[in-house]
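Chemist:
Numbering (my numbering), first residue to last: 26 to 134.
(1) Could you check whether residue 92 and residue 107 sit closer than 8 Å to each other, using their CB atoms as the reference points?
(2) Would the beta-carbon of residue 66 fall within 8 Å of that of residue 113?
(3) Could you tell me which residues DSSP pairs with residue 29 in its beta bridges?
(4) In the DSSP assignment, the beta strand (DSSP E) including residue 109 goes from what residue to what residue?
(5) Confirm the yes/no value for this check: CB of residue 65, any heavy atom of the ligand ZN, distance under 7 Å.
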């Protein structure tokens, strides 16, 4: 069974979709992404938090929002913060390098 990983950023435009794409073909993980802001491309929902086995947030503010809005669904699931600022575009090589290093410390890649 694949581990379900949910990536969270603000608008679900650049960072979390890039992280999701990096795990797209990984045999051990199923990935989705969402944003915490009202105008997010894919807005974070209770269902997504409930679906996930692991939640990985780009910044502390995202983890705080997940914990505040979806405490029941979050329960005792692992909630990680990468501390990656919103300074990158989708699949930006610098972002990909940063994510690969950070994710390697959390997931078995």
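Cβ coordinates follow ideal geometry from the N, Cα and C atoms, glycine included. Predicted model only: the values in this text are computed from it and were never measured.
Modeler: To lay it out plainly:
(1) One-based indexing of the chain shown puts residue 107 at position 82. One-based indexing of the chain shown puts residue 92 at position 67. With respect to the 8 Å criterion, residue 107 and residue 92 are not classified as neighbours on the basis of their beta carbons.
(2) Locating residue 66 in the chain shown gives position 41, counting from the first residue. Locating residue 113 in the chain shown gives position 88, counting from the first residue. Their beta carbons are not under 8 Å apart, which means residue 66 does not touch residue 113 by this criterion.
(3) By 1-based counting over the chain shown, the position of residue 29 is 4. According to DSSP, residue 29 bridges with 55.
(4) To locate residue 109, count along the chain shown from 1; it is residue 84. Element bounds for residue 109: n/a, residue is neither H nor E.
(5) Ligands in the displayed structure: none, and consequently the ligand ZN is not present.
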